[in-house]
Structures are given as C-alpha cells and as structure tokens.
Amino acid sequence: MSQYYESTNQKSTPDHDVIMRGRRTLEISGVKQVESFDNEEFLLETVMGFLAIKGQNLQMKNLDVDKGIVSIKGKVFDLVYLDDQHGEKAKGFFSKLFR
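Here it is as structure tokens:
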C-alpha cells in the first residue's frame, strides 16, 4: 500500500504559481527560462507554457534559476499565456519582440 501511496502522490509537473501583490509585484514559480525582458514586457517559459507579462517600469527583482522562481516589480497591465492553440497569436508576439 505504501508504494501505491508514493506513486500517486508524486507530481508529474512542478508547481506553477503566479502571485500578484497590489498590481506592483509578481512572484512566479515553475519558471523554466526567461526568454526576454525589458521595462515593458517579460516573456517567460513556465511549466504551463509561455507567459507574457506587459506593464510599465518592469524590473526583475529576483531570479532563482535552481528553484524556478522569478520576482518582477513595476506596474502590471497584462498577463497572457501563449498556448499552442493560439499559435498565430504567439507567432505575432514573438515577431513584435524581435523586430
């Protein structure tokens, strides 16, 4: 019984949480990679897909690569997941980033 308990309680994917405090700070876990960032946009690859964050005066406050945690401060306007279902939207977003 203990083997069954252990196998059913193991997580298949790491946790992914987005915590926003007062629209001024974000703490994001489950981050695989920071694709790009500037003071208006961040693009993060998370365990749940790509996450685009748009805002004003955005700054990376903390980055812990080993734990997959990113902290961002600034005024947040928009959080969008770019899924495979929205391939054209993702493609458009990437083309805007790399003009």
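Numbered per our numbering, the sequence shown spans residues 304 to 402.
Glycine included, each C-beta is placed from N, C-alpha and C at the ideal position.
Requested in this report: Report the option in Val383, Glu330 and Val337 whose CA atom is closest to the CA atom of Ala355.
Outcome: Here residue 355 refers to the residue found at position 52 when the sequence shown is read from its first residue. Checking every option, the nearest Cα to that of Ala355 belongs to Val383.
Query raised in the report: Who are the Cβ neighbours of Lys376 in its own chain at under 7 Å, not counting the five residues just before and after it?
Result: Position 73 of the sequence shown, counted from the start, is the residue given in the question as residue 376. Cβ neighbours of Lys376 beyond the five flanking positions: Arg327, Thr328, Gln362 and Lys364.
Report task. Tell me whether Leu385 is buried or exposed, calling it buried when 16 or more other Cβ atoms sit within 10 Å of its Cβ. Result -> Sequence index remark: in the sequence shown, residue 385 carries index 82 (1-based). So Leu385 counts as buried.
Query raised in the report: Does the Cβ of Leu333 have 16 or more other Cβ atoms within 10 Å, making it buried, or fewer, making it exposed?
Result: As a position in the sequence shown, residue 333 is number 30, starting the count at 1. According to the sequence displayed, residue 333 carries Gly and not Leu. Burial call: buried.
Requested in this report: From the DSSP output, in three-state form, read off Gly358 for me.
Outcome: Sequence index remark: in the sequence shown, residue 358 carries index 55 (1-based). Of the three classes helix, strand and coil, the one that applies to Gly358 here is strand, per DSSP.
Query - Anticipated Cβ contact below 8 Å, Ile331 with Val373, distance rounded - result: Position 28 of the sequence shown holds residue 331. Position 70 of the sequence shown holds residue 373. Rounded, the Cβ-Cβ distance is 5 Å, consistent with contact.
Requested in this report: Just grab the DSSP bridge partners of Val334 for me.
Outcome: The sequence position of residue 334 within the sequence shown is 31, counting from 1. Answer is Thr349.
Query raised in the report: Should Pro317 and Gly352 be called a contact, given that it needs their Cβ atoms to be closer than 8 Å?
Result: Here the question's residue 317 lines up with position 14 in the sequence shown. Here the question's residue 352 lines up with position 49 in the sequence shown. Note that the C-beta distance between Pro317 and Gly352 is not below 8 Å.
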